[in-house]
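Visitor: In my numbering, the protein residues as written are 535 to 826. Glycine included, every Cβ here is placed at the ideal spot set by N, Cα and C.
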Amino acid sequence: MGELFALLTAVVWAVAVILFKKSGENVHPIALNLFKNFLAITLFIPTIYIFGEVLFRKAPISDYLMLLLSGMMGISLADTFYFIALNSVGAAVIAIVACLYGPFIIALSMIFLGERLAPLQFVGVALIISAVIFATETKGESHYPKGNLVKGVFFGTLGTFINAVGVVMIKPILNTSPLVWVSTYRILGGIVGLLIILIFLKDRSNILSTLKKRQSWGFTVGGSFMGAYLSMFLWLAGMKFTLTSIAAALNQTSTIFIYTFAIVFLKEKFSIRKALGVGLAMIGVLLVTYSG
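Structure follows, in structure tokens:
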């Protein structure tokens, strides 16, 4: 049963990415991110109690502050950059770029947590980086302008890096705290971060008004529910009912699903380079994950 939940996590997240891409055609990335997190927090708070946890645990104030800061970085900034990248270059390329998350986590863990990298993990990191370079060297195959490609890869990479920083900084907390509780406070931090950003933006009214466009409501609500809540719920269930290693491997198949769905539903152009890039990235991810 756990394997099914883990595979469903990958499928649901892939569908959410497609919906986010469609929503982003009309909704500003900051507005979409803010809505996503407000919807998520209204669902996560009762979910905490469903899992038998409490909202206010006996934990140091420093843990609460660190989780909020992690959310500000990994959700308010990283997710916004992810949406910008998605709008700029499409889901297929960004699915490959997002595979850089593993190498970033490992590099940061080596620097700040003193962890060591196994030889095969170096190979995995090299494969993932090669996949990103290979897949984005389109040789005229892309229907996105070169400027959009550079912008998309830049923001996708930056968002992935910031997300990795946000996770590594709370790794000690993750080892001792319920994941649903951690997720809730990271989402709260993301909301706070987005509200702070909006305060300093003069066109915040125009940004938020993009949420009113009815043609995007279904995509916005569907993507937010599936991406910010349902996928997390299924991920937790997968981790609970099967081996962590098996669940993680099945979760990584989201890259394949995103690439496939982007071609089928978004009519993004199929290319041998991107397909090979997905394959290289998946092999790299497996080596990074299981060679330690």
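Can you name the start and end residues of the alpha helix (DSSP H) that LYS570 belongs to?
Guide: It spans 563 to 584 - the alpha helix (DSSP H) in which LYS570 sits, taken as one unbroken run.
Visitor: Assign GLY648 to one of three DSSP states: helix, strand, or coil.
Guide: The answer is coil: DSSP assigns GLY648 none of H, G, I, E or B.
Visitor: Looking at ASP795: is its Cβ nearer than 8 Å to the Cβ of VAL588?
Guide: Here residue 795 turns out to be Phe, not Asp, going by the sequence shown. Contact flag unset, no.
Visitor: SER717 and MET773 look like a contact to me (Cβ under 8 Å); what is the Cβ gap, rounded to whole Å?
Guide: Actually they are not in contact, since the Cβ atoms of SER717 and MET773 sit about 12 Å apart, beyond 8 Å.
Visitor: Using 8 Å as the Cβ pair cut-off and three pairs as the minimum, do the stretch 576 to 592 and the stretch 791 to 811 touch?
Guide: Not touching, per the Cβ criterion.
Visitor: Note down the Cα distance separating PHE804 from TYR598, rounded to an integer number of angstroms.
Guide: Looking at the two C-alpha atoms, the distance is approximately 45 Å.
Visitor: Could you tell me the alpha carbon to alpha carbon distance between SER711 and GLY681, rounded to whole angstroms?
Guide: Going from the Cα of SER711 to the Cα of GLY681 covers about 43 Å.
Visitor: Kindly provide the ranges of any alpha helix (DSSP H) runs that are 4 or more residues long and lie completely inside the stretch 601 to 641, ordered along the chain.
Guide: Listed in chain order, they are 612 to 623 and 625 to 631.
Visitor: Assuming the contact rule is C-beta atoms closer than 8 Å, ASN697 and THR543 should be a hit. Round their C-beta distance to whole Å, please.
Guide: Rounded, the Cβ-Cβ distance is 17 Å, inconsistent with contact.
Visitor: For the alpha helix (DSSP H) containing GLY745, name the first residue and the last one.
Guide: A small fix is needed here, since residue 745 is Leu in this sequence, not Gly. No alpha helix (DSSP H) holds LEU745; DSSP gives it neither H nor E.
Visitor: For TYR616, I'd like the list of residues in its chain whose CB is within less than 6 Å of its CB, leaving aside the five on either flank, ordered along the chain.
Guide: Closer than 6 Å at Cβ, skipping near neighbours: GLY693.
Visitor: Apart from the five residues on each side of it in sequence, which residues of its chain come closer than 8 Å, Cβ to Cβ, to VAL545?
Guide: SER788 and PHE791.
Visitor: I'd like the list of long-range same chain contacts for LEU821, defined as Cβ closer than 6 Å, with 5 residues on each side in sequence excluded.
Guide: So the list reads LEU654, VAL657 and GLY658, once near-sequence residues are dropped.
Visitor: What does the Cβ neighbour count give for PRO580, buried or exposed, with the cut at 16 atoms within 10 Å?
Guide: Counting Cβ neighbours within 10 Å, PRO580 comes out exposed, since fewer than 16 surround it.
Visitor: Count the other C-beta atoms from every protein chain shown that fall within 10 angstroms of the C-beta of SER596, then say buried if there are 16 or more, exposed otherwise.
Guide: Under this definition SER596 is an exposed residue.
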